[in-house]
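Numbered per our numbering, the sequence shown spans residues 5 to 88.
We put the CB at the ideal spot given by N, CA and C, even for glycine.
All values reported here derive from a predicted model rather than from experimental measurement.
Here is the structure we will look at, set down as structure tokens.
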Amino acid sequence: MWPLVDGTLAAARARGLAGALAGPVSRGDSGVIDKHLQALDALGADHAALYTALTRRALALAAERGTPSADVLAGLAARLNPTQ
């Protein structure tokens, strides 16, 4: 696990937080985000709320970086508010 942590911190130092962003938001992977939300809903609202807050921050970093596209990011954001 430490090599992963070290690599992540090195990327953040070298490219900043936006440049080091990895994961489903950075790839525009709505399917993974949907699966995460479904799994977390089963654990309780607090878990999903924390994931949603962190994902919103990742969306902001991705927007700062400029990838994925604004349309893709808007689609991901909409998944965080299914009732709106």
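Span separating the alpha-carbon of residue i from that of residue j
i, j, result
"LEU47", "MET5", "25 Å"
"ASP45", "HIS51", "7 Å"
"ALA62", "LEU41", "15 Å"
"VAL9", "ASN85", "31 Å"
"GLY23", "ALA49", "30 Å"
"ALA53", "GLY20", "26 Å"
Residues of its chain near residue i, where Cβ-Cβ distance is below 8 Å and the 5 sequence neighbours each way are ignored
i, result
"ASP38", "ARG83"
Same chain, Cβ closer than 7 Å to residue i, five either side skipped, listed in chain order
i, result
"ALA76", "Note that residue 76 corresponds to Val in the displayed sequence, not to Ala. Same-chain partners within the cutoff: GLY32."
"ALA81", "LEU63"
"VAL29", "THR59, ALA62, LEU63, ALA66, LEU80"
Reduced DSSP secondary structure (H/G/I, E/B, other) of residue i
i, result
"LEU84", "coil"
Cβ-based neighbour list, residue i, same chain, cut-off 6 Å, excluding 5 preceding and 5 following
i, result
"GLY11", "none"
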